[in-house]
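In this note's numbering, the protein residues as written are 30 to 280. From the three backbone atoms N, C-alpha and C, an ideal C-beta is built for every residue, glycine too. What follows is a single structure, written as structure tokens, with notes after it.
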Amino acid sequence: MMEHNSELGTRGAAGVTMHSLSKAFEVDEGTETVFEEININIEPGSFVSLVGRSGSGKSTLLNILSGILEPTTGRVSYTVDDPEIGHVFQSPRLLPWESCVKNIEYVHENNPEYTDDIAKKYLDMVGLSDHYNKYPNGLSGGQRQRVGIARAFSIDPEVLLMDEPFSNLDEITAEELREELVELWSNFDKTIIFVTHNITEAIQLSDRILMIGGGEIYGDIEIPIERPRTVDNDEFIEFQREAIQKFRSVE
Ligand code: ADP
Ligand code: MG
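Okay, here's the thing in structure tokens:
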């Protein structure tokens with residue numbers, strides 16, 4: 030990874046508050062409540078993981094935070110007006126007929142100051158300096174996800190939402206990207222909300238874990254382990270054991 034470039038990422042971080050958030054979907058069988066009355070405050074600049082089983086509402090909650098979905102009741106507020114929100118998905122959602130640079134350019138359609146240098150700087154930041162003009166098909170899965178991360182950072186978001194971004198990658202690549210993400214987060218002042226069903230990944234990455242299940246946030250755990258974190262030391266393993274117990278306590 031490249032050193033932090035002070036021209037990049039100057040907008041800073043925003044805090045997020047969820048006020049009595051509830052979400053229900055109307056389905057053929059009636060109303061399906063995903064969660065009710067979520068009240069959570071997230072500090073600016075923190076790295077928070079949201080963990081839960083498949084179907085527990087993690088993506089629904091992220092989509093409400095980004096404004097893709099409306100909550101059924103409640104609201105979300107940010108510590109800045111009209112924040113930029115980056116969203117990284119499980120699949121990087123690249124346009125296959127466009128190069129890496131053009132895949133970044135298209136999220137800057139409304140930015141008159143955009144030049145390709147911006148895309149290139151963010152591609153440099155994720156180690157893709159030699160791949161500016163490659164097409165997604167010519168990249169590995171890890172490289173494609175790096176383009177997705179570069180694209181999200183390139184809008185200089187105050188909040189970055191990441192929805193299981195590493196779960197489609199092989200473990201060695203995922204591990205590299207985790208380390209790189211923590212480095213990016215510590216170089217830039219960004220709030221990250223990271224969805225995963227992998228407790229170990231959540232403990233490695235974040236300051237705090239929120240556990241979602243049974244229609245509520247049933248766990249809210251601070252992670253006091255010093256960084257850089259290694260998964261094989263006693264403190265980590267003990268913390269992991271307790272977190273997994275808590276995680277399993279809700280169906
Ligand atoms: P997760 O990301 O934790 O796996 P989701 O947030 O995708 O879970 O989904 C939570 C629940 O909401 C699931 O039961 C899912 O079927 C339901 N759900 C999600 N989106 C819709 C939708 N558009 N219409 C109906 N039900 C939905
Ligand atoms: Mg999901």
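State yes or no: is the C-beta of P186 within less than 7 Å of the C-beta of E113? Mapped onto the sequence shown, residue 186 falls at position 157. Mapped onto the sequence shown, residue 113 falls at position 84. E113 sits close to P186, with the two beta carbons spaced by under 7 Å.
Beta-carbon separation (whole angstroms), F195 vs G115, contact threshold 8 Å: To locate residue 195, count along the sequence shown from 1; it is residue 166. To locate residue 115, count along the sequence shown from 1; it is residue 86. Under the criterion of beta carbons closer than 8 Å, F195 and G115 do not qualify as touching, at roughly 16 Å.
For chain D, is any of its Cβ atoms less than 7 Å away from the one on N162? As a matter of chain content, chain D is missing from the structure shown, which is built from one protein chain.
In angstroms, rounded to a whole number, what distance separates the CA positions of Q119 and K87? Locating residue 119 in the sequence shown gives position 90, where the first residue counts as 1. Locating residue 87 in the sequence shown gives position 58, where the first residue counts as 1. So the two alpha carbons sit approximately 13 Å from each other.
Cβ contact check for the stretch 90-105 and the stretch 127-138: 3 or more pairs under 8 Å: With a cut-off of 8 Å, the stretch 127-138 and the stretch 90-105 do not count as touching, because too few Cβ pairs lie within range.
Where V279 sits in the DSSP three-state scheme: In the sequence shown, counting from the first residue as 1, residue 279 sits at position 250. V279 sits in coil when the DSSP states are folded into three classes, being neither helix nor strand.
For the ligand ADP, which residues have a Cβ under 6 Å from at least one heavy atom, in chain order? Ordered along the chain, residues surrounding the ligand ADP are F54, V56, E61, V63, G81, S83, G84, S85, G86, K87, S88, T89 [Cβ under 6 Å from any heavy atom].
Give me the Cα-Cα distance between H33 and G171, rounded to the nearest whole angstrom. Translated into positions along the sequence shown, residue 33 becomes position 4. Translated into positions along the sequence shown, residue 171 becomes position 142. Model confidence at H33 stands at a pLDDT of 42, short of 50, so the residue's coordinates are unreliable; what they give is reported in the following sentence. Answer to the nearest angstrom: the Cα atoms are 21 Å apart.
Threshold first: 4 residues or longer. Then list the alpha helix (DSSP H) segments lying entirely within the stretch 97-134, N to C. Segments of the alpha helix (DSSP H) lying fully in the stretch 97-134: 129-134.
Do the stretch 158-174 and the stretch 190-208 touch if we need at least three Cβ pairs shorter than 8 Å? Yes, the stretch 158-174 touches the stretch 190-208.
If I'm right that V155 touches E209 with Cβ under 8 Å, what's the distance once you round it to whole angstroms? By one-based count along the sequence shown, residue 155 stands at place 126. By one-based count along the sequence shown, residue 209 stands at place 180. Contact flag correct, Cβ pair sits at about 7 Å.
Given L123 as reference, the closest of I178, E230, S51, P253 once Cα atoms are compared: In the sequence shown, the residue the question calls residue 123 occupies position 94. Ranked by Cα distance from L123, the options I178, E230, S51, P253 are led by I178.
Nonlocal neighbours in the same chain, by C-beta distance under 7 Å from I228, ignoring five residues either side: Along the sequence shown, read from residue 1 onward, the residue named residue 228 stands at position 199. The answer, listed in chain order, is V80, Q269, A272, I273, F276.
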